[in-house]
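Numbering (the numbering used here), first residue to last: 75 to 560. Notes to accompany the following structure.
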């Protein structure tokens, strides 16, 4: 049965509250249990919606005005390929990649809209004595990085088109890795022991990708091993150490490697476990937060380690550089918040939970938001929370449920996180300025979904030309709706 796909069809009064804008109507075969995978061709200004129903699969090509131009029905791929790994454009035609959960096998789907042809190709890469470090799309190629057991070797699998994968080793023997007690380790040991969940023995190797195309919720930024793609360079940050942030830079064209150590502010304590810290990379500036139960530091430095701005506060005073009182978001998705009046409460929360900091651009400069996020599983030991590992929490699982859809990761992380947050507004030189913190696009979308009172299913979110597009199946009218958010 076909349903009309309404892009932003809602009353003007509601639109003014949540920031939607009506575009047009589409007629697509989407049902309540459909699985929709969106991806875009930013150069040709095209969007694609891959829609999997119980027994059918179809891909639709949409232009920049979200009007359907064409579609290709096709056979569904083997169900063992569960992970949507990324997409690229080959000779003007879209290619989707999927992998098994262990990433030992991949499959490509190529959709030739010019000739209305569909083709698949399977890859067996058999990860032997390797752990997946990260996967991402850059320069119109799919990359999978692994680390070899008990070594300083990284192996790169590079999918250059729908039928070609190339591999290459990167030797990191020239780099030095230390654990939090300054014990020297190789890369495999470093990842295995510095970021493991001590209660469960879980070995956490995989990095979390941060996409700065839109604001990042603190729930994702709690991770202390993140990666970013800037100017075709893979930037890996490690915040296991209380004294510095470690940055590994890998040029994706030459595989040239560089290592940086950016010092964190000094706080006098008797034990390292009395401190918590984290960082966030934005436009080649590193924003760091470090706290004990009595002292807070926030610094912005360039990648040469040169200080741009520094702010501090203690537990006995109000924090002078934040725009508004810190707030506690609780009860997951109900949107309830409570103002935190005492700085001591904030510092204790930061120190004893998973600490995070993020940076995003606003009309006058930057928003720098920091806070502490509670683990969903209260049995996770404090040392695990300090590591920033959220593998036992819903927040961490979100990333792996949506590995190639950063907007969906961010929406889910924002709506599910419980924690205390505070925001500083700055000018373009990172000097603190007064003002009112405006809600992010994810807050607006979350507020809109709250207004629907769970009458939606199969929601998706994607970004195109600086705008967000939310789609969901409305169970009250049996239609799949799409909304545009600024």
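Ideal placement from N, C-alpha and C gives every residue a C-beta, glycine not left out.
In or out: residue 340 buried (at least 16 other Cβ within 10 Å) or exposed? Its Cβ having fewer than 16 others within 10 Å, residue 340 is exposed.
Contacts around residue 532, its chain only, beta-carbon distance under 6 angstroms, and the 5 residues preceding and following it disregarded: Here the set comprises 108, 547.
What number of angstroms, rounded off, separates the C-alpha of residue 178 from the C-alpha of residue 231? A straight line joining the alpha-carbon of residue 178 with that of residue 231 spans about 12 angstroms.
Residue span of the beta strand (DSSP E) that contains residue 119, given as start and end: Looking at the DSSP string, residue 119 is not in any beta strand (DSSP E), and its letter there is neither H nor E.
Between which two residues does the beta strand (DSSP E) harbouring residue 193 extend? Run containing residue 193: 191-198, per the beta strand (DSSP E) assignment.
At least 3 beta-carbon pairs within less than 8 angstroms: the segment 387-397 vs the segment 335-351: As far as the Cβ criterion goes, the segment 387-397 does not touch the segment 335-351, which means the pair count is below three.
Where does residue 539 land, buried or exposed, given buried means 16+ other C-beta within 10 angstroms? Here residue 539 is exposed. Its C-beta has fewer than 16 other C-beta atoms within 10 Å.
Residue closest to residue 313, alpha-carbon to alpha-carbon, out of 166, 350, 440: Nearest neighbour of residue 313 by Cα position, chosen from 166, 350, 440, turns out to be 350.
Return helix, strand or coil for residue 186, following the three-state DSSP convention. Three-state DSSP puts residue 186 in a strand.
For residue 376 and residue 129, I'd like the C-alpha separation in whole angstroms. Roughly 52 angstroms separates the two Cα atoms.
Give the single residue among 222, 433, 217, 246 whose Cα lies nearest to the Cα of residue 233. Nearest of 222, 433, 217, 246 to residue 233, Cα basis: 217.
Mapping DSSP to helix, strand and coil, what is residue 286? In the three-state scheme derived from DSSP, where H, G and I count as helix and E and B as strand, residue 286 is classed as coil.
Does the segment 149-160 come close enough to the segment 132-139 that 3 or more CB-CB pairs lie under 8 angstroms? Result no; under three Cβ-Cβ pairs closer than 8 angstroms.
Kindly give me the distance between the Cβ atoms of residue 243 and residue 227, rounded to whole angstroms, as I take these residues to be in contact under 8 angstroms. With a contact defined as Cβ atoms closer than 8 angstroms, residue 243 and residue 227 qualify at about 6 angstroms.
For residue 327, does the three-state DSSP call read helix, strand or coil? Judged by DSSP in its simplified three-state form, residue 327 adopts coil rather than helix or strand.
Less than 9 angstroms between CB atoms is the rule here; does residue 342 satisfy it with respect to chain B? Absent from the structure is chain B; it holds one protein chain and no more.
Count the other CB atoms within 10 Å of the CB of residue 379; is the residue buried (16 or more) or exposed (fewer)? Classification for residue 379: exposed.
N- and C-terminal bounds of the alpha helix (DSSP H) containing residue 563: What is shown of the chain runs 75 to 560, which leaves residue 563 out entirely.
Is the beta carbon of residue 239 sitting closer than 9 angstroms to the one on residue 185? No, the pair does not count as a contact, with Cβ atoms beyond the cut-off.
Endpoints, the alpha helix (DSSP H) within which residue 267 is located: Taken as a continuous stretch (DSSP letters only), the alpha helix (DSSP H) holding residue 267 covers 261-268.
Does the beta-carbon distance from residue 352 to residue 369 come in below 9 angstroms? No, the pair does not count as a contact, with Cβ atoms beyond the cut-off.
Could you tell me whether the segment 504-518 touches the segment 438-447, using the rule of 3 or more Cβ pairs below 8 angstroms? Yes, they touch.
Let me make sure I understand the geometry here. Which of 298, 509, 383, 322 has the alpha-carbon closest to that of residue 309? The residue with the shortest Cα to Cα distance from residue 309 is 322.
Rank 302, 252, 296 by C-alpha distance to the C-alpha of residue 285 and give the top, closest one. Checking every option, the nearest Cα to that of residue 285 belongs to 302.
Helix, strand or coil for residue 250 per DSSP? Here residue 250 sits in coil by DSSP.
Since residue 298 sits in a beta bridge, which residues does DSSP pair it with? For residue 298, no pairing in a beta bridge is given by DSSP.
Check residue 141 in the structure and name its three-state DSSP category. Residue state, collapsed to three classes: coil.
According to DSSP, simplified to helix, strand and coil, what is residue 417? In this structure, DSSP gives residue 417 a helical state, which the three-state scheme calls helix.
With DSSP run on the structure shown, which of helix, strand or coil describes residue 386? DSSP, reduced to helix, strand and coil, places residue 386 within a strand of the structure shown.
Would you decide whether residue 166 is buried or exposed? Buried here means 16 or more other CB atoms lie within 10 Å of its CB. Exposed, by the Cβ-count rule.
Quick one: grab the DSSP three-state call for residue 293. Judged by DSSP in its simplified three-state form, residue 293 adopts helix.
Neighbourhood of residue 636 by C-beta distance below 6 angstroms, restricted to the same chain and skipping five residues each side: The displayed coordinates of the chain run from 75 to 560. Any statement about residue 636 would go beyond what the structure contains.
Answer with buried or exposed for residue 381, where buried requires no fewer than 16 other C-beta atoms within 10 angstroms of its C-beta. The residue is exposed, with fewer than 16 neighbouring Cβ atoms inside 10 Å.
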